[in-house]
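Trainee: Every letter in the sequence shown is one number past the one before it in the UniProt record's numbering, and letter 1, counting from 1, is 1. Even glycine gets a Cβ: it sits at the ideal position worked out from N, Cα and C. Let me begin by handing over the structure; questions about it come next.
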Amino acid sequence: MARFWVCLAGAGFFLALLVLHSRFCGSPVLRKFAFQISWRTKEIPYRLDVGWPKHSEYFTGATFCVAIDSLSGLVYIAQRGDNIPKVLVFTEDGYFLRSWNYTVDTPHGIFAASTLHEQSVWITDVGSGSYGHTIKKYNSFGDLVQVLGTPGKKGTGLNPLQFDNPAELYVDDTGDIYIVDGDGGLNNRLIKLSQDFMMLWLHGERGTGPAKFNIPHSVTVDSSGRVWVADRGNKRIQVFDKDTGEWLGAWNNCFTEEGPSSVRFTPDGKYVIVAQLNLSRLLLVAAPPVGSIGNCSVIGTIQLADQVLPHLLDVSGKTGAIYVAEIGAKQVQKYVPMNSYFPSFGS
Numbered sequence: 001m002a003r004f005w006v007c008l009a010g011a012g013f014f015l016a017l018l019v020l021h022s023r024f025c026g027s028p029v030l031r032k033f034a035f036q037i038s039w040r041t042k043e044i045p046y047r048l049d050v051g052w053p054k055h056s057e058y059f060t061g062a063t064f065c066v067a068i069d070s071l072s073g074l075v076y077i078a079q080r081g082d083n084i085p086k087v088l089v090f091t092e093d094g095y096f097l098r099s100w101n102y103t104v105d106t107p108h109g110i111f112a113a114s115t116l117h118e119q120s121v122w123i124t125d126v127g128s129g130s131y132g133h134t135i136k137k138y139n140s141f142g143d144l145v146q147v148l149g150t151p152g153k154k155g156t157g158l159n160p161l162q163f164d165n166p167a168e169l170y171v172d173d174t175g176d177i178y179i180v181d182g183d184g185g186l187n188n189r190l191i192k193l194s195q196d197f198m199m200l201w202l203h204g205e206r207g208t209g210p211a212k213f214n215i216p217h218s219v220t221v222d223s224s225g226r227v228w229v230a231d232r233g234n235k236r237i238q239v240f241d242k243d244t245g246e247w248l249g250a251w252n253n254c255f256t257e258e259g260p261s262s263v264r265f266t267p268d269g270k271y272v273i274v275a276q277l278n279l280s281r282l283l284l285v286a287a288p289p290v291g292s293i294g295n296c297s298v299i300g301t302i303q304l305a306d307q308v309l310p311h312l313l314d315v316s317g318k319t320g321a322i323y324v325a326e327i328g329a330k331q332v333q334k335y336v337p338m339n340s341y342f343p344s345f346g347s
């Protein structure tokens with residue numbers, strides 16, 4: 001037993017030296033090793049999949065967003081950088097398939113919306129170049145299918161629709177589209193469009209009151225017909241009725257230190273996964289019952305290494321795995337649920 005504690009202490013000391021060396025000496029190899037460490041401050045039913053992806057060398061830029069197409073088992077990752085592929089495509093098992101770099105300037109958010117008849121990938125582009133300030137729809141091979149907004153021109157207009165740094169979107173099973181616009185630009189609004197791009201409802205004013213925003217950064221829809229928005233600058237999550245746009249409530253008690261940067265649900269709808277960018281932390285939060293938003297209740301956390309900076313995340317509807325796009329670590333990491341906690345969707 002004494003030998004065990006000596007070895008454990010030695011390993012901790014060695015690990016500390018590695019982290020310090022990577023931080024102050026700039027070694028890219030040691031820096032990547034430090035970023036892959038997952039420190040847990042509370043018990044949480046997920047574990048890091050250290051073997052995902054099979055080949056991390058394809059990450060050549062700052063990874064800002066990730067989307068899971070659970071129907072086809074594909075993972076789409078968008079990254080920023082000069083003269084690099086902007087979109088990488090992996091399998092959920094971690095094998096690299098292809099990349100593309102067409103009509104993407106500066107990706108911010110990405111969403112995979114596939115049916116039995118169509119595989120589509122939506123990207124919000126916040127760039128200032130000829131493709132920026134738009135939301136674009138692609139097929140799975142990177143062919144451009146649809147453009148919303150005026151390419152290269154930011155704006156506040158609704159007819160025609162314009163964007164300024166659109167942050168993220170969510171497409172539900174009916175084809176309706178929910179957009180949060182924008183990431184520190186002229187607009188602070190939540191927009192619902194029909195599948196043929198008609199305006200259904202809008203909340204669009206900067207402020208701190210109900211249904212007002214300060215950097216609406218992420219959006220998702222739950223199985224109960226509620227729209228959840230990570231109102232990052234106001235350090236809260238706001239909730240709306242999917243059909244009417246009615247404000248249903250807000251969570252702010254969990255975000256006193258920092259606002260949420262990303263929000264997604266587990267496949268069973270029982271938990272909300274939230275990222276906090278500058279704290280390098282993921283929260284597992286209990287989802288409220290229908291008819292009551294209540295207060296935020298954190299079940300557990302995943303504390304990442306310093307400066308990992310989890311930006312946006314997505315959850316596999318098939319396995320429940322969490323994929324986290326980390327702009328500081330320049331990689332995507334995968335956390336898989338423990339079967340004993342989630343028998344219905346454990347990997």
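Going by other Cβ atoms of all chains shown within 10 Å of its Cβ, with 16 needed for buried, is G320 buried or exposed?
Mentor: buried
Trainee: Assign N234 to one of three DSSP states: helix, strand, or coil.
Mentor: helix
Trainee: Using C-beta distances below 7 Å, list every residue in its chain close to P53, excluding the 5 sequence neighbours before and after it, in chain order.
Mentor: F90, G94 and F96
Trainee: Just tell me which of I84, L161, I177 and V336 has its CA closest to the CA of G245.
Mentor: I177
Trainee: Give every residue of the same chain whose Cβ lies closer than 8 Å to the Cβ of K270, excluding the five residues on either side of it in the sequence, and list them in chain order.
Mentor: A286 and A287
Trainee: If you follow the beta strand (DSSP E) that K54 is in, where does it begin and where does it stop?
Mentor: Unbroken run through K54: none, as it is neither H nor E.
Trainee: Since V147 and K136 should fall inside the 8 Å C-beta cutoff, what is the C-beta to C-beta distance between them, to a whole number of angstroms?
Mentor: 5 Å
Trainee: Using the C-alpha atoms, what's the distance from T256 back to V145?
Mentor: 41 Å
Trainee: Ends of the beta strand (DSSP E) at G249?
Mentor: W247 to W251
Trainee: Need the endpoints of the beta strand (DSSP E) that Q333 sits in, please.
Mentor: Q331 to P337
Trainee: Is it buried or exposed, R98, if we count other Cβ atoms within 10 angstroms and call 16 or more buried?
Mentor: Exposed.
Trainee: How close, in whole Å, do the beta carbons of L190 and V219 come, if the pair is a contact with beta carbons under 8 Å?
Mentor: In this structure L190 is in contact with V219, their Cβ atoms being roughly 7 Å apart against a cut-off of 8 Å.
Trainee: When you compare the CB positions of D125 and T106, do they come within less than 8 Å of one another, or not?
Mentor: yes
Trainee: Report the residue from W228, D181, W201 and I123 whose alpha carbon sits nearest the alpha carbon of I293.
Mentor: For I293, the nearest C-alpha among the options comes from W228.
Trainee: Rounded to whole angstroms, what's the CA-CA distance from H21 to N278? Just pull it up for me.
Mentor: Only weak support exists for where H21 lies, its pLDDT of 37 falling under 50; the value from the coordinates is given anyway. About 22 Å.
Trainee: Skipping 5 residues on each side, what residues in its chain have a beta carbon closer than 8 Å to that of G129?
Mentor: So the qualifying residues of the chain are D105, T106 and G152.
Trainee: Would the beta-carbon of I215 fall within 8 Å of that of R236?
Mentor: no
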